[in-house]
Each structure stands twice: as structure tokens, then as C-alpha cells.
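Each protein sequence line maps, in turn, to chains A and B.
All residue numbers for the first sequence refer to full-length UniProt numbering, where the first residue is 1 and numbers rise by one.
All residue numbers for the second sequence refer to full-length UniProt numbering, where the first residue is 1 and numbers rise by one.
We put the beta carbon where it would ideally sit given N, CA and C, even for glycine.
What follows is a single structure, written as C-alpha cells, with notes after it.
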Amino acid sequence: MYATTYHRASSLADAVRLRGSSEEAKYVSGGMTLIPTMKQRLAAPSDLVDLRHVAELKGISVNGRHVRIGAGTTHYEVATSAEIKAVCPALCHLAAHIGDPHVRHMGTLGGSIANNDPAADYPAAMLGLGAVIVTNAREIPADAFFTGLFETALEEDEIVVAVTFDAPERAGYSKFANPASRYAMTGVFVARRADGGVRVAVTGAGADGVFRHEGLEAALAGSWTPEAAAGVAVDPSGLLSDLHGSAEYRANLVTVMAKRAVAAS
Amino acid sequence: MSRVAMTVNGRKVSRECEDRTLLVHFLRDHLSLTGTHVGCDTSQCGACVVYMDGRAVKSCTILAAQAAGSEILTIEGLAAGGDLHPVQAAFKANHGLQCGFCTPGMVMSAVDMINRYGADLDEKTVRENLEGNICRCTGYHNIVKAILAAAQEMGAAGRQAAE
Ligand SMILES: Cc1cc2nc3c(=O)[nH]c(=O)nc-3n(C[C@H](O)[C@H](O)[C@H](O)COP(=O)(O)OP(=O)(O)OC[C@H]3O[C@@H](n4cnc5c(N)ncnc54)[C@H](O)[C@@H]3O)c2cc1C
Ligand code: FES
Ligand code: FES
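In C-alpha cells form, the structure reads like this:
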């Protein structure tokens with residue numbers, strides 16, 4: 001790891017100020033992506049601004065079916081939240097299957113979506129839930145937030161503060177985990193609203209990162225059954241092809257994971 | 001360079017170190033607590049697992065500076081004097097180790113999962129919770145056996161056992 005200078009922010013305003021002190025500064029939350037990247041010398045921020053002690057990023061609140069999760073909430077806290085489980089158990093299930101227990105004790109929701117790894121789990125949930133990403137400057141709908149591989153709509157010094165969404169009537173998530181890394185080879189998040197609206201978000205499979213699948217959405221709006229998902233053939237063009245699996249293999253996984261996600265909902 | 005202070009195994013410590021110093025190197029090189037191991041450079045093997053403020057974490061993926069002000073428990077702080085912690089005793093009794101390289105991390109992870117699940121632990125849960133701990137020797141069977149035996153023994157007291 002190259003040398004860096006550590007700063008601990010005590011508030012959002014303090015974090016933005018510290019970040020502004022150097023062009024090459026970066027925020028760090030759980031560090032479960034950034035520290036390994038720095039160890040590999042694939043990132044070399046001159047300064048690290050630690051967000052883990054910023055109170056404004058903490059806390060989960062559920063009002064009726066409206067959910068707000070602070071960006072600094074760890075995967076473990078989401079996985080074990082009785083409040084979230086009561087309205088959206090699919091999100092707890094998703095958080096409980098990120099990495100391993102030690103990673104879940106540190107890694108945060110805000111860090112995961114700001115990073116937008118094409119194989120990360122939370123981006124699928126945010127897109128599938130139609131969540132709103134609340135930053136220190138504005139509110140960004142998930143549909144406009146995830147813009148490409150490791151790319152988001154965030155400005156350089158913008159901080160994810162929280163995410164909000166209305167819990168859908170039914171939701172499910174199923175991932176085919178890479179046997180070595182546990183990241184998603186393909187993960188599908190499905191959600192159905194009381195008004196019949198359906199969203200299907202796919203992670204791990206897209207060459208440009210997380211995306212919605214219109215064909216699956218239409219089929220599941222017609223019939224919320226694994227069979228309806230099974231009838232949808234997914235086009236492999238635009239899907240990721242790498243040593244772990246071809247685009248055709250992933251296209252088939254999208255259908256299979258969608259079936260399982262509906263069955264689990 | 002910064003001065004980093006924290007509590008390690010109940011003892012207040014403070015050392016000068018570079019900001020890029022990883023917690024595991026702070027423990028091993030600055031405090032000579034070499035029980036915590038480094039088994040990989042990809043944050044995957046779990047040989048480096050310690051407790052930070054009551055939760056198992058990978059000390060190879062946390063800067064000492066990030067851990068400043070926290071309470072750290074390492075494998076050296078687990079046994080009460082000369083008496084092995086029940087999880088250590090169970091690893092010994094069940095042959096839960098061969099070369100022993102992964103063992104400090106395995107034991108810390110085991111204490112953490114018993115802390116979270118108590119005597120309700122079953123084999124499937126143990127295996128899922130070992131996702132972040134790699135062992136090249138044992139094939140895991142005896143590690144799982146040891147953890148289940150320790151969970152049984154620690155029983156209802158399990159949830160407080162890590163304190
Ligand atoms: C062994 C291992 C296995 C893993 N397996 C999985 C898996 O199966 N699925 C999965 O989805 N992930 C997995 N991860 C990644 C993990 O979920 C990370 O916790 C997550 O991707 C990043 O969260 P963090 O809080 O650790 O972010 P950090 O590493 O602290 O930061 C990541 C990036 O986001 C920025 N950032 C952090 N917080 C904010 C914020 N509030 N606002 C704006 N920018 C911010 C940082 O500047 C940095 O660029 C794994 C990680 C490891 C080490
Ligand atoms: S040394 Fe920390 S996970 Fe391998
Ligand atoms: S006992 Fe040798 S690595 Fe586990």
C-alpha cells in the first residue's frame with residue numbers, strides 16, 4: 001500500500017471539508033472494498049476521510065412501509081434488523097449473503113452502492129426496490145444512480161447519506177455466488193407492488209453493471225410465478241463474458257435466478 | 001506518522017506508526033502479538049480475524065488508524081490465565097487443527113458465531129459462518145465438530161462468552 005494520510009470525520013460537513021483538502025482524497029466507510037484495492041496498489045488516495053464516525057450516516061427507520069437506511073449501516077445490521085425484516089425480508093436475506101461474517105461486520109450499504117461493483121448485491125436491491133439515494137446535496141432515483149461499471153451519478157465529493165424506499169408487497173432475491181469470491185455471478189432481485197407494478201433488477205451479469213429486465217418484468221406482471229419467469233429467454237448480447245462464465249451461461253442464470261427469486265418472495 | 005491508541009486485550013496501548021499501517025501489522029510488529037496471522041493478500045482467508053468492539057473483523061483489511069479508540073481482542077487475550085477458552089479446548093479435543101496456521105482466526109470466528117447464535121448453532125450455520133475462513137489442512141470437518149461441541153458446552157452462557 002502506498003502512503004496515505006488518515007482523517008476521521010466527525011460530521012458530514014467535516015467530511016466534505018476534509019475531502020476538499022486534497023484532490024486525491026477518498027472517503028472510506030467499511031473499507032472492505034477500498035482497503036483491499038489500496039493493498040493491491042490499484043488505488044492510492046493521498047488522504048482517507050473516514051465516515052464511520054459520522055452520526056448523520058447511522059440508523060434504520062421504518063414508518064409503516066417506508067424504510068430509510070443510513071449509508072453507514074453495515075451489512076450485518078441490515079441482515080439482522082427486525083424492523084426491516086417485518087416489511088422487506090428479501091433485503092435482509094440479501095445482506096446476510098454478502099461476503100462473509102467479518103466483511104458484513106464492517107462493509108456498509110453506502111460504500112457498496114457508491115462503489116457499484118458490477119457483481120455487488122445491493123445495486124440490484126436498490127434498482128429492484130426503486131429506491132431513492134439521498135446524498136448530502138440531492139435525491140437521486142436508483143434508475144439514474146447506477147451509470148456503468150464502477151460508475152455512479154455521484155459527484156467527486158458527494159456523500160451517500162441514506163437510501164429510502166417503500167417496501168413492496170412481495171420481493172425476493174436469489175444469487176448464484178461465484179464459488180471463490182461469493183460475489184454474484186448473477187443475482188436477480190424481483191419486487192411486486194400492490195398496484196401490480198413489477199421491477200426485476202439483475203446484477204453480476206451485465207457488461208455495463210446492474211440493469212432492469214423488461215421481458216421478465218412484463219412476464220411477472222402478467223403472472224407472479226416461477227413458471228412465468230421460466231418462459232422468458234434472456235438475450236446474451238450485452239452480458240458479461242469472462243473466465244467464470246460466458247454470456248450465454250449468464251443469460252440462462254438470469255432466468256433461473258429470477259425463477260428462484262419469485263419462488264422465495 | 002500518527003500516534004494510534006487503542007485497548008488491546010484489556011491493556012491500553014499507544015504507538016507511533018504510519019497511517020497506512022494495517023491493524024494486523026500494528027498487532028504483530030508494534031505490539032509483538034504474533035498470534036494473529038496473515039494468510040493472504042485478498043481479504044479472503046480469515047487468518048487475521050480479531051474482535052473489534054465485540055465483532056469479528058479482518059485485521060488485514062482495517063488500518064490501525066481506523067481502529068484507534070476501539071477495544072481489540074486477539075487470540076492472546078482469549079484464555080483466562082492458564083485455562084484454555086472453551087473454544088480452544090474444543091479445538092484441541094476434536095483435532096480441529098493440523099498445521100495451526102488458520103487456527104487463531106478460526107477460533108476467533110468460532111467465538112463470534114457462538115456469541116451470535118448461542119447453543120442454537122447447527123452444522124449448516126457453522127459452515128455458512130466459516131465462509132470467510134480458509135483452512136488448507138483439515139477439510140473443515142473437525143473444525144465444525146469443535147465449534148458445535150464448544151457451542152453445546154458454552155450453552156446458554158454463549159451469548160456472553162465473548163465478553
Ligand atoms: C472477501 C470479500 C467478499 C465480498 N463479497 C461481497 C459479495 O458477495 N457481495 C457484495 O456485494 N460485496 C461483497 N464484498 C464487498 C463489500 O460488500 C463491501 O463492503 C462494499 O462493496 C463496500 O462497502 P464499504 O463500506 O466497505 O466501502 P469502502 O471500501 O469504505 O468504500 C468503497 C468506495 O465507496 C466510497 N464510499 C464509501 N462510503 C461512501 C459514502 N457514504 N458516500 C460516497 N462514497 C462512499 C469510497 O470512497 C470508495 O470509493 C466483499 C468484500 C470482501 C473483502
Ligand atoms: S490475512 Fe486477512 S483475510 Fe487473509
Ligand atoms: S490447520 Fe493448517 S491451515 Fe488450517
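Cβ of Phe101 of chain B within 7 Å of any heavy atom in ligand 3?
Yes, Cβ of Phe101 of chain B sits closer than 7 Å to a heavy atom of ligand 3.
If you draw a straight line from the C-alpha of Gly196 of chain A to the C-alpha of Gly204 of chain A, how long is it?
Gly196 of chain A and Gly204 of chain A: Cα-Cα distance of roughly 27 Å.
Using CA atoms only, rank isn't needed, just tell me which of A:Leu220, A:Val190, A:Ala194, A:Trp224 is closest to Phe211 of chain A.
In this structure, A:Val190 is the residue among A:Leu220, A:Val190, A:Ala194, A:Trp224 with its C-alpha nearest to the C-alpha of Phe211 of chain A.
Please list the partners that Thr5 of chain A has in chain B, where partner means a Cβ-to-Cβ separation under 7 Å.
Within chain B, the residues near Thr5 of chain A are Asp19.
Output, in chain order, the set of chain A residues within a Cβ distance shorter than 7 Å of Arg55 of chain B.
Going along chain A in sequence order, the residues near Arg55 of chain B (Cβ under 7 Å) are His105.
Tell me, please, whether the CB atom of His213 of chain A is closer than 8 Å to any CB atom in chain B?
Output row for His213 of chain A: interface = no.
Under 8 Å, Cβ to Cβ, is there at least one residue of chain A near Gly132 of chain B?
Closer than 8 Å to some Cβ of chain A, the Cβ of Gly132 of chain B qualifies, so yes.
State the start and end residues of the unbroken beta strand (DSSP E) segment that holds Tyr51 of chain B.
Residues 49-52.
Assign Phe91 of chain B to one of three DSSP states: helix, strand, or coil.
Note: Phe91 of chain B maps to helix in three-state DSSP.
Asp50 of chain A versus chain B: which residues are under 7 Å apart at the beta carbon?
Here the neighbours are Gln66.
Less than 8 Å between the C-beta atoms of Glu115 of chain A and Thr33 of chain A, yes or no?
At residue 115 of chain A the sequence reads Asn, which differs from the Glu that was named. Cβ atoms of Asn115 of chain A and Thr33 of chain A: closer than 8 Å.
Completely contained alpha helix (DSSP H) runs for the region 104-132 of chain A, where each covers 4 or more residues:
Listed in chain order, they are 109-115, 122-129.
According to DSSP, is Gly172 of chain A part of a helix, a strand, or is it coil?
Residue state for Gly172 of chain A is assigned as strand, using DSSP reduced to three classes.
Tell me Pro104 of chain B's beta-bridge partners as DSSP assigns them.
Note: Pro104 of chain B sits in no beta bridge, so no partner.
From the beta carbon of Leu97 of chain B, is the nearest beta carbon of chain A less than 8 Å away?
Leu97 of chain B does not count as touching chain A.
In DSSP terms, what Tyr27 of chain A is bridged to:
Tyr27 of chain A is bridged to A:Val49.
Taking the runs of the beta strand (DSSP E) that are 3 residues or longer, which of them lie wholly in the region 189-252 of chain A?
If we require 3 residues or more, the beta strand (DSSP E) runs fully inside the region 189-252 of chain A come out as 198-203.
Assess, as a yes-or-no matter, whether the region 141-160 of chain A is touched by the region 227-243 of chain A under the definition of 3 or more beta carbon pairs within less than 8 Å.
No: the two stretches stay apart, fewer than three of their Cβ pairs being nearer than 8 Å.
Exposure of Lys12 of chain B, with buried meaning 16 or more beta-carbon neighbours within 10 Å
Burial call: exposed.
Check whether the region 55-65 of chain B and the region 19-32 of chain B touch, using three or more Cβ-Cβ pairs below 8 Å as the test.
A contact is defined here as three or more CB-CB pairs under 8 Å, and the region 55-65 of chain B meets this definition with respect to the region 19-32 of chain B.
Mind checking whether the beta-carbon of Leu130 of chain B lies closer than 7 Å to any heavy atom of ligand 3?
Within 7 Å of the C-beta of Leu130 of chain B there is not a single heavy atom belonging to ligand 3.
Within chain A, the residues that Ser14 of chain B reaches when beta carbons sit closer than 7 Å:
Per Cβ cutoff of 7 Å: no residues; Ser14 of chain B is ~16 Å from chain A at best.
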